[in-house]
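Okay, structure first, notes after.
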Amino acid sequence: MANPFLRRATEYVREDESFLSIVSPAPLTTFLAISRNKDDMFEVPVRIIGAPGSGKTMLATLAEFRMVETILKDETNATNRTLADALAQAGFLKNGKPHVAAVRVPMESEYREFWELPYDAIVKTKLAFWLVQARAMLGLIRNLTANRTRNIDAIEFIPRANYEAHLEQIGGLSALGIRDRALAVQRAIYAVGAGLRAPKLEDLPVDATAPYAPFDAISRIRIEWNGETIEMSPLVMLDDVHALHHHQLEAMFGMLSHREMKFGRWMMMRLDAFSPGAVMRSPAIQPTHNRATGRDFVDILMQGDEKKDASRRQFRTMARDMAKRYLPMVEGLRNRNATDIDRLVPSEPPKLSSGQIKELEGRVARDQNKLKIGPTRRNEINEIVDDFIRRTKSYDDGPEVALAMKRILLHRYSVRVARSTPSLFEEIDPDPKTPLKADADVAHGARLHLHHEYGRPLHYGVDDVCDASNENAEVFLQFAGALVANVETRAIRNNPLALSARDQQSILIDKAKSIMDAWAFPHAQRVRAMVDAIGHDCREESLLPNAPLGAGANAIAILEEEMAALSFDDELGSVLKYAIANGAITIERNYGQGNKLWALIEISGTVGLVYGLTFNRGGFLPQKIDYLRRVTGLVNA
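The sequence shown runs 1 to 637 under this note's numbering.
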């Protein structure tokens with residue numbers, strides 16, 4: 001089989017059993033099980049929002065009833081037990097039995113074509129919405145009968161209370177009647193949308209215009225399960241609803257958010273389906289139809305979580321689980337029993353040669369003389385750094401790191417003394433107002449300096465591969481796929497498999513450049529110019545000899561009041577929206593630092609790889625909104 005990291009599982013795996021053997025349950029536990037709105041996810045509309053490749057379709061496919069039933073058929077299988085546990089945590093199982101009957105409905109481009117029909121907006125919306133409902137019911141019945149454990153006549157639909165009068169329009173409560181009615185609706189509405197010429201409104205087929213609302217009428221589904229009768233909540237997962245026209249999407253959202261509807265409904269969508277203000281989390285931005293988040297609908301973000309550190313840790317777990325399932329599919333590695341991603345992509349720190357260390361020692365000594373720092377102060381700095389190196393839990397504590405840290409502290413001492421109030425008496429090596437200290441930030445800054453000045457690798461190991469992916473599953477698979485392809489070549493040549501830090505970084509940078517070159521979303525050229533400018537400026541600041549930002553910068557920040565005054569009707573708002581939605585940058589609003597509130601715009605890990613910047617968060621360059629206009633080429637916008 002070709003390298004599985006380079007293709008989506010939902011695209012190249014056709015059999016359910018094969019799909020289940022490699023799919024990771026982590027999206028269920030990462031995004032659904034821990035949601036504070038978990039209990040409401042099957043009662044109110046849910047918008048599952050993520051960048052391309054964040055795992056929306058994989059999550060929806062795994063949650064379909066036919067998959068759930070396949071998993072529960074054989075829980076002696078360890079993989080199935082793991083998946084069943086994740087499904088239970090996410091609410092799809094209860095007491096070991098199905099609690100939700102879900103179906104995925106892909107929102108293909110044909111639904112958008114209904115918006116081009118020459119009818120009133122409400123007519124066009126209802127045609128598309130009724131077609132969605134018909135296909136959802138057909139898909140649900142197919143799911144319930146897919147594993148041949150029951151016939152269609154063994155499925156019973158339970159109506160919503162006080163809704164019995166509407167049952168005739170959906171075909172009754174029997175699965176057979178509901179299927180036949182759904183087929184008639186689908187056939188009639190599809191003919192309207194697929195025809196070369198739209199019929200006049202009065203000529204529309206009766207099955208296309210007669211009331212049809214199964215989502216309103218049905219509340220539960222009853223089936224036989226292992227000799228007992230169980231009831232389940234129905235759920236439709238509309239995948240890729242961002243393909244709809246934005247007015248059509250708003251109208252569809254309005255229909256799906258009826259308060260009394262008991263049919264679960266999820267909308268899987270990309271972030272760029274929203275307005276710039278919503279994407280940038282501007283205060284007072286509220287979704288359509290006066291619906292309140294958390295009460296009338298729930299948002300689940302699969303990217304750009306405000307709890308960034310927690311999100312990063314969760315993604316590392318998810319990514320490792322994906323790699324664990326994909327690696328055994330690479331024949332050359334399976335044959336050598338080499339399926340541990342941490343062993344193939346080790347985080348062993350790189351080393352400078354003895355000649356480079358000697359040159360660095362001379363450089364530190366020259367800086368000491370240039371800055372006119374005496375031996376006593378130098379010895380004190382040496383002790384500060386050596387004490388930190390003894391206490392640090394980092395494995396990257398080689399002599400070159402200590403030397404680079406000492407050089408940074410020499411320059412920090414010089415800067416602090418220069419800023420001090422002059423004394424009436426001449427002092428040799430006066431004490432700085434702020435004492436010097438060595439910490440993890442200084443160590444990170446030292447490693448960054450070593451990377452740019454001596455070519456010492458900065459990004460390597462699985463954690464860095466995960467962080468470079470910006471919590472996006474597909475980007476992780478692209479990076480991991482490039483690394484695995486190199487390892488596979490080594491296996492074929494019977495060479496040692498583990499990649500050195502230098503090889504890892506070279507492969508990752510090449511892949512990061514190709515990812516950026518392949519950006520083809522709206523405003524991609526302006527976004528590329530923006531992140532290039534931010535990356536260049538952050539690198540310059542990070543390489544200052546005194547490392548004023550410690551680990552360095554990977555973001556700019558605009559004062560919150562200035563960002564709040566930005567009109568999102570102009571083109572800059574659109575550029576920022578697509579940059580965020582496609583994983584080029586992230587934004588954090590109301591970031592507090594220096595007694596001020598900032599809008600923090602951070603470049604993605606992919607861009608950080610190319611520019612050799614830290615993945616640590618918090619280091620930023622203060623800028624004005626005009627900076628963004630200038631670097632995006634919108635000076636006159």
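Even for Gly, the Cβ is constructed at its ideal location relative to N, Cα and C.
**Item:** the region 256–265 / the region 37–53 touching (three or more Cβ pairs under 8 Å)
**Value:** yes
**Message:** Pop quiz: residue 559 and residue 566 are said to be a contact at Cβ under 8 Å. What is the actual Cβ separation, rounded to whole angstroms?
**Reply:** With 8 Å as the limit, residue 559 and residue 566 do not qualify as a contact, their Cβ atoms being about 11 Å apart.
**Prompt:** Quick one: what's residue 620 bridged to in DSSP?
**Reply:** 555
**Request:** Could you give the DSSP three-state label for residue 591: helix, strand or coil?
**Result:** strand
**Prompt:** Residues bridged to residue 232 by DSSP?
**Reply:** 221
**Whole-angstrom distance between residue 400 and residue 501, CA atom to CA atom** = 16 Å
**Asked** Is the beta carbon of residue 358 less than 8 Å from the beta carbon of residue 398?
**Response** no
**Message:** I need the DSSP call for residue 300, collapsed to helix, strand or coil.
**Reply:** strand
**Message:** Given this structure, state the Cα-to-Cα distance separating residue 171 from residue 190, to the nearest angstrom.
**Reply:** 19 Å
**Message:** Can you give me the C-alpha to C-alpha distance between residue 354 and residue 380, rounded to a whole angstrom?
**Reply:** 25 Å
**Message:** With a threshold of 7 Å (Cβ to nearest heavy atom), would residue 388 be considered close to the ligand ZN?
**Reply:** Among the ligands in the structure shown, none appear at all, so the ligand ZN cannot be discussed.
**Nearest-angstrom beta carbon gap, residue 341 and residue 312 [assumed within contact, 8 Å]** = Between residue 341 and residue 312 the Cβ distance is about 17 Å, and since that is not below 8 Å, they are no contact.
**Request:** Give me the Cβ distance between residue 155 and residue 221, rounded to the nearest whole Å; I'm assuming they're in contact under 8 Å.
**Result:** 7 Å
**Item:** Alpha-carbon spacing of residue 20 relative to residue 82, whole angstroms
**Value:** 11 Å
**Item:** Collapsed DSSP secondary structure at residue 425 in the structure displayed
**Value:** For residue 425, the predicted model reports a pLDDT of 45, less than 50, meaning its position is unreliable and no value from the coordinates is stated.
**Asked** Just how far apart, CA to CA, sit residue 685 and residue 619?
**Response** Beyond the ends of the chain as shown, which are 1 and 637, falls residue 685; an answer cannot be given.
**Request:** Report the residue from 484, 468 and 570 whose alpha carbon sits nearest the alpha carbon of residue 586.
**Result:** 468
**Asked** What residue ranges within the region 456–505 form continuous alpha helix (DSSP H) runs of no fewer than 4 residues, ordered along the chain?
**Response** 462–468 and 473–492
**Cα-Cα separation between residue 203 and residue 188, rounded to whole angstroms** = 12 Å
**Message:** Could you tell me which whole alpha helix (DSSP H) segments of length 4 or greater appear in the region 149–206?
**Reply:** 167–170 and 175–194
**Message:** Going by DSSP, what residue range makes up the beta strand (DSSP E) through residue 602?
**Reply:** 596–603
**Request:** Pull up the distance between the alpha-carbon of residue 51 and that of residue 232, whole angstroms please.
**Result:** 31 Å
**Asked** Can you list, in chain order, the residues of its chain whose CB lies under 6 Å from that of residue 124, leaving out five sequence neighbours each side?
**Response** 114, 115 and 117
**Request:** Would you kindly report the start and end of the unbroken beta strand (DSSP E) that includes residue 48?
**Result:** 46–49
**Message:** So, does the region 403–414 touch the region 361–374, judging by three or more C-beta pairs under 8 Å?
**Reply:** yes
**Request:** Could you name the residues of the same chain whose beta carbon sits closer than 6 Å to that of residue 388, not counting the 5 residues immediately before and after it, in chain order?
**Result:** 438
**Message:** Assuming residue 399 is part of the alpha helix (DSSP H), what are its boundary residues?
**Reply:** 399–419
**Request:** Using three-state DSSP, classify residue 534 as helix, strand or coil.
**Result:** helix
**Cutoff 7 Å; reference residue 445; Cβ partners in own chain excluding five residues on either side** = 408, 547, 550, 551 and 552
**Asked** Could you give the distance in angstroms between the alpha-carbon of residue 92 and the alpha-carbon of residue 100?
**Response** 5 Å
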